[in-house]
Every structure is written in structure tokens, then in C-alpha cells.
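Some notes on the structure that comes next.
Protein chains: 2
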Amino acid sequence: MLSLVDLRTRISAGTLDPVGAVALSRDAIAAREASLGALVHVASDPVIPRDGPLAGIAVGIKDIIDTADMPTQMGSALYAGWRPKADAAIVSRLRALGAVPLAKTATCPFASRDPSATVNPHDSAHTPGGSSAGSAAAVAAGLLPLALGTQTAGSVIRPAAFCGIAAIKPSFRLLPTVGVKTFSWALDTIGLFGAGIRDVAQALALLADRPALDLPAGGIAAPRIGLVLQDFADSADPEAVAALQRAARAAEAAGATVTDLALPPQLAEAWAIHMTVQDFEARQALAWEYAHHREALGPDLRAELDGAQALDAASYDAARRTAHRARRVLKDLFGEVDALLTFSAPGRAPAGLTSTGDARFNRLWTLMGVPCVNLPVPGDGLPLGVQIVARFGDDGRALAVARAIEAALAR
Amino acid sequence: MLSLVDLRTRISAGTLDPVGAVALSRDAIAAREASLGALVHVASDPVIPRDGPLAGIAVGIKDIIDTADMPTQMGSALYAGWRPKADAAIVSRLRALGAVPLAKTATCPFASRDPSATVNPHDSAHTPGGSSAGSAAAVAAGLLPLALGTQTAGSVIRPAAFCGIAAIKPSFRLLPTVGVKTFSWALDTIGLFGAGIRDVAQALALLADRPALDLPAGGIAAPRIGLVLQDFADSADPEAVAALQRAARAAEAAGATVTDLALPPQLAEAWAIHMTVQDFEARQALAWEYAHHREALGPDLRAELDGAQALDAASYDAARRTAHRARRVLKDLFGEVDALLTFSAPGRAPAGLTSTGDARFNRLWTLMGVPCVNLPVPGDGLPLGVQIVARFGDDGRALAVARAIEAALAR
């Protein structure tokens, strides 16, 4: 994989220049993209800034995120060739930092569940996950050192786990969603994919303009970690349980205290109403597409929106109150632990390309708006990942804990 | 003015049909728009549904709100002729209810402060207010029975006050902002303009799909009203103070208890940081326009964004915490009173067309996300309005209190 931190170190040392760094991505794309299906558009002659903290970093932009110089097609024939007027706010920020938005990455239509044409880089007979399929696969396959995804249920953490790369879904609205096609305004969150925790930490600190989010030089001292199984979401595969235990032991080896933690019932209640919030808002956000082009939507999305037509405002309002109560309970919980350690997905990437997998271990955290990090757990076969969750606004702590476990796992 | 409720009553009674109702708007536009400057585009041959609870209601759409069948030009030459792909969610909702989005209304560029070409319908030498200038002026001049605006500081309540019409800025995100050009995602709120309180109440209940928001048949019994001067925002003109007192006496005549209420200091603190939240987000939301077309921005907006470049994330994060504390204090306050009665603007519409007036009595409430209603106070000369504010989510109560005072003022 291409590591953002490694590339930037080489550029700073003068052994690589930004043009050369972007050429590494171009070469990798030429060699591997044809069999991957991760990209839907590659910029032919982008400006490559010489300066800036992300100069030389080629970035993949999920194709529901507006770009003024590349089409933005939402993974849907409805938006074939569509050219937005302006860059999304996050794309403008990337450019201001010197990065090069090099490619638009494949997405499920409107960031929903109907699969894109992308395959898992580790085994083309398996899904890469979704909906940020192309972004995860492109980083995992070494095409790009950084890619943007979005998560409304589990569309960042799940594909990162399936593809074996680091990712962060930051605190809600830490990164601006202006210019990102809306599915659910209370949930949609921009996330970052990178080769390792250090890469996504550095990218997030720069994009959010909050240097303190980057990893502290001395690491994090003896974090208190709660091990969470999310029973309300049913059980995970034995391999996922084993990976979670490996990560827990690695955390302890790194000096953490790990204790089993049963989540209060208010969190199970919130988990259960995530889809009510999502679908009530999706019905409004995609009302034009549904009213005028229902037959052209993917079958999964069409079925979801068909079902959403029956949701009433009272159910939605009740769901928002349930979520509000759960956020308070979770805030109190983070007085007792620094981070939670839980599953990123029910198991390895499922076989087949007709489903992008299950977001059941991700929904709650997206609804809570708290930062979530996927950390790959090294091993044989298709990748497995674990999820580190921290308090709202404490993205730096989630990353520091993830980095400590990552380092321990590598020893 | 054209009253939504009156038109709907006539249509239900069979004395008017939807085509005829829309023709009333077309005729009024033909007669008065040339001297008003309220509209930037009128649909030439829109579909006029026969059915639906808003059939026959011609609606003005502020020109930062996406329409698939009309240009959306943001009040800026940068977006001259721009055609979005899809309708904004609120436009889709209007169409689903049978309404006819008939015209795009003039707006300050990007809903900021540089004036549009609109004049005040009561005196063309005075500003109609902004940024939803065209929407307010079009309803006040009798061109349309309903218009959509947006408020980030005071862009709905202020122009409604200056133009002498009813308006509501609903609770934050009660109406979806998907497809509305963002200025500040924590503040931007869609609002409604109508001839009277009954008109905006009926429109809001339908658009939000929450019938309980419409006015209760029996009115509201003996509301407790807090009279608020917002001293932290400096004093209002003597005429505005007199109008506020008139409204208070009318409220008492309608059975309300009105008591002077000094707001806790946390609310003054929140008022003071509204601009920090607004400008830090505007810098990101309009980053593409600023980076590529700074010289083409209006001078006020350019100056605002110039200043915003120096804001740091720490100030923004602190401002959000200040706002969060104030929301809790305000919630407690609404345990003691049903509604607040305060100024909609510092006075009547100022003379001249170089400024849209001052939003200082509006900022706090937008930041708090609470519902605000403008109620015109009848009198001589240019209009004066008062503002009724209720608890977050209690839009129906704000409207019921406003209606009670409106009825008492008319007696």
C-alpha cells in the first residue's frame, strides 16, 4: 500500500517530489485498476501543487462528493456525466492543503446498498463492502494513499475491515458535508481511508485543521478500554470474536486495562431505531429521484424507499428522542472508559458480489455521532478488523488507542 | 395579499380552481413585479396539479434552493443560468402536496448581505430586508400566497417584519435543507412567508407532515409570555419598543400573562458567538467560490469571508460549547413560560437600498434552533413586527401564541 506518512516523509526529505508521488498512484492505477473496478473517473491532467502539507498526496473521492473538474455520478445512471458547479467543501480543503483529488471512486448508488462493480482486492470473488467500496479497495490495492468515503450506517468502517485498511469515521460534522449528496442529514459522515492509523490520523488533523488530533509523540498512557460485544446486534462470527480477543490482548500488552462492558439498555434502544432516522430522512433527501426515476434506482434502494414511504413523522420524532437519550448515557459511559473496543463487521468479507455485507455493528455509533476507527488485525485469509470508539469530539483519543493496539499487534 | 387559507377555502368550496388560483398570482406578477424586483425567474408553463392540500398555491422559491425545472442562481453572476440536477427536498415536498413552485425569488448573493435588486413594497426607497428579500416582498405585494426563505442570522424574520407579513423560522431541521446552498450548516433554516399566521401555520403543518403544528381550533388557553428586550443586542428604536408594548397588551387582552424576563447570561454569551459559528462554517461552505472567484463575490460577502480566514478551529469549538450550554439554559427557561415576545428587528425598514438591515435581534434564536414567528403590528407608516419564540420543537405553540395576539391586535 501507499502510506501517506511515508510519502510525505520522502517528499520532506527531498527523495521524492509531489509529481513523482502522484506518478506512483498513476502507475499503480494503470497496473491494477482494470481488475479492481475501484475508480469511475481519473483526472487526466490535474494540477499538482508543489507545496502544502499534503502536496504529492493523490486522493480518491467517493463519487457522491462534488468535484468541479470531474463528473460526480452518484453511482447511478441517473447522474451519468453530471458535473456539479463547485467542489465540495472537503475537496476544496484537500486542494488548499496541496493534495491532488486524482480519481472519483466507485460507490453504491447514492451511497446505499446496491453493489458497485468493485471487487475485494484480496479476493475478487468477495465483496469489498460498501457503500464506499471504491475508496476502500483503491487504498487496499495500493492505488492511492488516501481516499474519502461516507458513512450513514457502516459504509466506512465495514469496507475498511473487509479490505484490511485503516479508516476513521470522525465525530459528526468534524468534516464538512457541504457538497456531498445527502442520504440522511443526521447521520451522513465523511470518513478517511489510509494504509495505517498514522496515515488517517495525520490526514484528519490536517483536514479538520486541528493539529491535536494527530497522534501524540509519546502515545497514550494506560488507556481504560471497554470490550463491547453489541449483543443487541446478534453475535459475530467466531473468527471476528477471535480477532477482537487478539486486539484486546494486544491492547493489554500495550499497557491498557481491558474490561468487559455491557452497554446500558438505552443504547440497544438507539441501535434499534437507526433505520427509522435514516429512512425517514432518505425519503426526503432522495424525493426527486424517487418521484421521477423510481424504476432507475437500484432494487435495494428502491425497496428501502418504498418501505420508507410509510414512516410517519411521529415515529421519526420518537426515534430522535431515543437517540438523544442514548447520547447522554454514552457520554456518561465515557467517564469510566477512554475507548470502546468492538467488532467492525460480523466477520470477513462475504463471498459474492451481490451484497456489500452487514452494517449491524456500525449503526449505533453512526447514530451516536462518535468517532470510530477500523484497525486491521493481521492474520491469514481475508482481512478482519476491530473497531475503536471514543467519546464525541475525542477523535484523537480513538486514534491514539488504535495506534497503540496497531503497534502491539505488529510486535 | 393572497392568503393561502382563503385560496384553499375557495378551492374547497368549488368557487375557484387551482388553475384560477395560480392565475391570480400570474396576474399580480404581471401588474406589479416590474417595479418590485422580487422575482428572478417565473415558470412559463408549470404543471398545476388538480389535487392535493396545496393544489392551487403558487409558491416563491428563494433562489438558493434547487429547482430542476428552473435556474438556481444564488443571487450571483457566478451561478448565472445554473441548472441543478434535482429539486431540493422541500421543493419535492411542495409538489407532492399539489403546490406550484411558480417563481424563483431574489436573494442576496449566497444568502449573505449584499442587497438584491428588490425594493420594499410599502416604499420603494426602503430595503425589504434580506437575504430572503424577494420572498418577503413577493408575498407582501400580493404576488404569491406562500414563499420559502432561509435564515442563518435573521434572513426570514427581519424581511417579514420590514415587509409587514407573517413568517415562521421553524425549529432547526424541521424542514429539510437538502438541496439548499449552504452558508452555515449549524444555522441555515428554511422559513415560510405568508399573509397571516393562519397561512404559515397551515403551510408548515403540511410541509412538515405534522398536522398538530397547525392552529388548534380553540386557540391557546392563557399562555405565559416572557417579554424580552435582548439588552445584549443594544436597544431598539422607540417605535419598535412601542410596537412590542402594543403586542404585549394585545396578548394580555387575549388572556395571556405577560411578565418582563431578563435572559440568563449564558444567552448573551451565545448571542456574542453566533458570528463565529456562522463565519467558520461559511468559510468552508463557500471555499470553492472564495478560492476561484473571490473578486466576483459581493463586497460584503467578500469582506466577511476575508475576515473568516483568520478564525481558528479552537474558537469555533468553544463557540459550539457556548451554544450548547445556552440551549440547555433556554430549555429550562421554557419550563416557566410558554413563549417569549421580543423584537423582530431594531425598527422599521431603513431608508436606502445599500443595506438589508440588522439581524441583531434574530441571531440568538437562530443559533438556539428554536421556532420564531414574525407577527406584523398594524399601524401607520412602514411595517413593524414582533417576534414570538418558543421551545425547540414547539413550533405549534409559537404559532398559536402569535395567532392569539394577531387576533387581539385586529379587534
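Chains as they are written, first to last, in full-length UniProt numbering: chain C, 1 to 411; chain R, 1 to 411. Every residue gets a Cβ at the ideal spot worked out from N, C-alpha and C, and that includes glycine. Every value quoted in this text rests on a predicted model; they were computed, and no experiment measured them.
Contact test: L144(C) Cβ vs the ligand SAH heavy atom, cutoff 8 Å = Ligands in the displayed structure: none, and consequently the ligand SAH is not present.
inquiry  = Going residue by residue through the region 174-203 of chain C, where are the continuous alpha helix (DSSP H) segments of at least 4 residues, counting only ones entirely within it?
reply    = none
request  = Indicate the three-state DSSP secondary structure (helix, strand or coil) for D51(R) in the structure shown.
outcome  = coil
request  = Alpha carbon to alpha carbon, how far is G381(C) from D237(C)? Give it in angstroms, no decimals.
outcome  = 15 Å
ask   = What is the DSSP secondary structure of G142(C), counted as helix, strand or coil?
value = coil
query = Going by alpha carbons, who is nearest to A89(C) out of T342(R), W185(R) and G396(R)?
reply = W185(R)
query = Should V59(R) be flagged as near chain C, meaning a C-beta pair shorter than 9 Å?
reply = no
message = Closest to L97(C) by C-alpha separation, out of A205(C), G134(C), T177(C) and A38(C), would be which residue?
response = A205(C)
key: Distance, I405(C) Cα to A251(C) Cα   = 5 Å
request  = Output, in sequence order along the chain, the residues in the region 278-306 of chain R whose CB is closer than 7 Å to any CB in chain C.
outcome  = Q284, A285, A287, W288, E289 and A291
query = Counting along the chain, where does the alpha helix (DSSP H) carrying K331(C) start and finish?
reply = A313 to L333
ask   = In the DSSP assignment, what are the bridge partners of H41(R)?
value = K104(R)
task = For the alpha helix (DSSP H) containing L261(C), list its first residue and its last residue.
result = Taken as a continuous stretch (DSSP letters only), L261(C) belongs to no alpha helix (DSSP H), as it is neither H nor E.
query = Who are the Cβ neighbours of R8(C) in its own chain at under 8 Å, not counting the five residues just before and after it?
reply = P53, L54, G56, I57 and Q202
key: Test item: CB-CB of residue 412(R) and G149(R) under 9 Å   = Because chain R spans 1 through 411 in this model, residue 412(R) falls outside it and cannot be assessed.
request  = Would you list, in chain order, the members of the region 83-97 of chain C that have their beta-carbon closer than 9 Å to a beta-carbon of chain R?
outcome  = P84, K85, A86, D87, A88, A89, I90, V91, S92, R93, R95 and A96
task = For the beta strand (DSSP E) containing L341(R), list its first residue and its last residue.
result = A339 to F343
inquiry  = So D209(C) contacts chain R; which residues on that side make the cut at Cβ distance below 9 Å?
reply    = D312 and A313
task = Going by CA-CA distance only, name the one from Y290(R), A86(R) and R198(R) that's closest to F183(R).
result = Y290(R)
request  = Would you tell me roughly how many angstroms separate the C-alpha atoms of A256(C) and R224(C), rounded to the nearest one?
outcome  = 6 Å
ask   = Along the region 43-71 of chain R, what residues have a CB closer than 8 Å to any CB found in chain C?
value = A68
key: Any C-beta of chain C under 9 Å from that of D394(R)   = no
query = So is P84(C) buried or exposed if we call it buried at 16+ other beta carbons inside 10 Å?
reply = buried
query = Taking Cβ positions only, does A308(R) come closer than 9 Å to chain C?
reply = no
message = Using DSSP's beta-bridge definition, name the partner residues of R224(R).
response = T257(R)
query = So, is the C-beta of D214(R) closer than 9 Å to a C-beta in chain C?
reply = no
ask   = Would V178(C) count as contacting chain R if we go by Cβ distances under 9 Å?
value = yes
key: Euclidean distance between Cα positions of residue 417(R) and P145(C)   = In this structure chain R extends from 1 to 411, so residue 417(R) is not present and cannot be described.
task = Give the range of the alpha helix (DSSP H) segment to which G396(R) is assigned.
result = D395 to A410
ask   = Relative to chain R, which residues along the region 165-176 of chain C have a C-beta separation below 8 Å, given in chain order?
value = R173 and P176
query = Are the Cβ atoms of G60(C) and A147(C) separated by less than 9 Å?
reply = yes
task = Quick one: give me the first and last residue of the alpha helix (DSSP H) that A217(C) is part of.
result = First-last for A217(C): undefined, no H or E at that position.
query = Going by the CB atoms, is the gap between F361(R) and Q230(R) shorter than 9 Å?
reply = yes
request  = Buried or exposed for Q151(C), please, with buried defined as at least 16 other CB atoms from any protein chain shown within 10 angstroms of its CB.
outcome  = buried
query = Under 7 Å Cβ-Cβ, which residues of chain R neighbour T182(C)?
reply = V178
message = Starting from P378(C), trace the alpha helix (DSSP H) in both directions and tell me its first and last residue.
response = It is not in any alpha helix (DSSP H) - P378(C) carries neither H nor E in the DSSP assignment.
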